[in-house]
Structures are given as structure tokens and as C-alpha cells.
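Here's the structure we're looking at; comments come further down.
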Amino acid sequence: EAGVTQFPSHSVIEKGQTVTLRCDPISGHDNLYWYRRVMGKEIKFLLHFVKESKQDESGMPNNRFLAERTGGTYSTLKVQPAELEDSGVYFCASSSSREQYFGPGTRLTVT
Amino acid sequence: QQQVKQSPQSLIVQKGGISIINCAYENTAFDYFPWYQQFPGKGPALLIAIRPDVSEKKEGRFTISFNKSAKQFSLHIMDSQPGDSATYFCAASIMGGSEKLVFGKGTKLTVNP
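Chains H and Z, in that order, give the protein sequences.
Residues in the first sequence are numbered consecutively from 1158, following my numbering.
Residues in the second sequence are numbered consecutively from 327, following my numbering.
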């Protein structure tokens, strides 16, 4: 069984540019989460999808972040326009129960 | 305000020794406490998890001890091996709603050969 996959693994962009991160969850997992780890800090929750619906987006930092999960399969997280403080590692996780399985993450560097 | 406090930040243990990582929480509504292991360049991998109705859970060399009254839980790695060198995260979540994980800041474990 394939695990959670994320693309790209790394992205370096300039301040003001747009970046879109993609997450493919484990097949059959209705729950999809986005988390972020800024350097030196803890991994923090961003938002949660159940199928294609946003269940909880209380962790989204501001309206520069837009997440979608079309058809309840893969999800995208768009940052537009990117700021320096958006740099970090963005993780996606999926679950069918309490156990969440994480992808390898996308390391985003905003210069 | 950090809801889950993890210590120590880093830990060095000799091969064969016991590694102990501690976490404390404030929110008594938390009812699920997983530990994750992360190697460089990889995502966090679920290691072991416990619920508050048990005081201890063991899987191989890994044991979670849980103290509900003290609102603390810890990970013990017995017979630590160099391959256990990684960053360990404790987390907690509340049943219902999003069941989002609240993480500690992580502990970087180094096991010397």
C-alpha cells in the first residue's frame, strides 16, 4: 500500500511569488490534514478535510493560504503571495481513524 | 501558549542504554497520545500511541508510560541502538471534531555506538 506522497519535496521561491503544494493521501482515507513546522518550532496544525469538505481550518495563518481537495482525493495548498515567514516544512497526513500517517513533507524556502 | 511541553530538547545515550523523553499537557480533554519518530528528510512516522484508560503500553523496545493525574506521559526506549537516532515528537488530540494533533517541540535523540 502506497503511503502519503507530497510534491514537490523542495521549493525555493521569491517573496511575492505563488507556490502550490500537493498531497496525495493513502487511498481510502477520508481525513486529510495539513501541518507546518517552522524552524525551531513545533509541528502546527493548519487544516483538516473530511473528503472534500473543510472540517477545521482554524490553523490557517491568514488568507494568503488556500487549500482545496477536489473530489475528496488529492489536496493542494496554495500560498499567494508568499512571505518570508512562510518558510518551513509543510506536512500532509491522512487517516481513516485516530492514527494519522504523514507524508515526507515539502520544504518551502521563501527568499 | 504551548499545550504540550516536551523535554529534553536533545538527548545523547550510549548504545544499550535507556532513552527517556517526557511530555506534559494541560488540556484534560486530550484522550489520545501518540509518539512519532522522524528521520532526516522523512516525515514523522507513528511509533506507538496510548489512551488515558491505561497506564502503560509496550511495543518491542518502546514503552509509553502515562500518568493521568500528573498530566504527563513519557516514551522509554530500552536497549537503545544507533538506528534509533532520530527526532521524537509527542502529540495529543481530542476525540470528535477534527482530532487534530497538538505536538511537542521534539527531542533529538543521538545513540552513540
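Using N, Cα and C, we set each Cβ at its ideal position, and we do this for glycine too.
In the same chain as H/T1268, and ignoring 5 residues on each side of it, the C-beta atoms closer than 6 angstroms to its own belong to E1171, in chain order.
The C-beta of Z/D379 has fewer than 16 other C-beta atoms within 10 Å across all chains shown, which makes the residue exposed.
Between H/V1161 and Z/M421, the alpha-carbon positions lie close to 23 angstroms from each other. Assignment of Z/D410 by DSSP, reduced to helix, strand and coil, places it in the helix class. Put simply, the region 330–338 of chain Z does not touch the region 1167–1183 of chain H. Fewer than three CB pairs are less than 8 angstroms apart. Under the three-pair Cβ rule at 8 angstroms, the region 1242–1255 of chain H does not count as touching the region 394–401 of chain Z. In the DSSP assignment, H/H1205 is bridged to H/Y1190 and H/D1213.
Here Z/D405 carries a coil assignment [DSSP, helix/strand/coil]. For H/D1181, no CB of chain Z lies under 8 angstroms from its own CB, so it is not counted at the interface with that chain. Inter-residue distance for Z/N393 and Z/S381 is about 6 angstroms (C-alpha atoms, whole angstroms). The Cβ of Z/E382 sits no closer than 8 angstroms to any Cβ of chain H. Taking the CA atoms as reference points, H/R1226 sits about 18 angstroms from H/P1218.
Assignment of Z/L427 by DSSP, reduced to helix, strand and coil, places it in the coil class.
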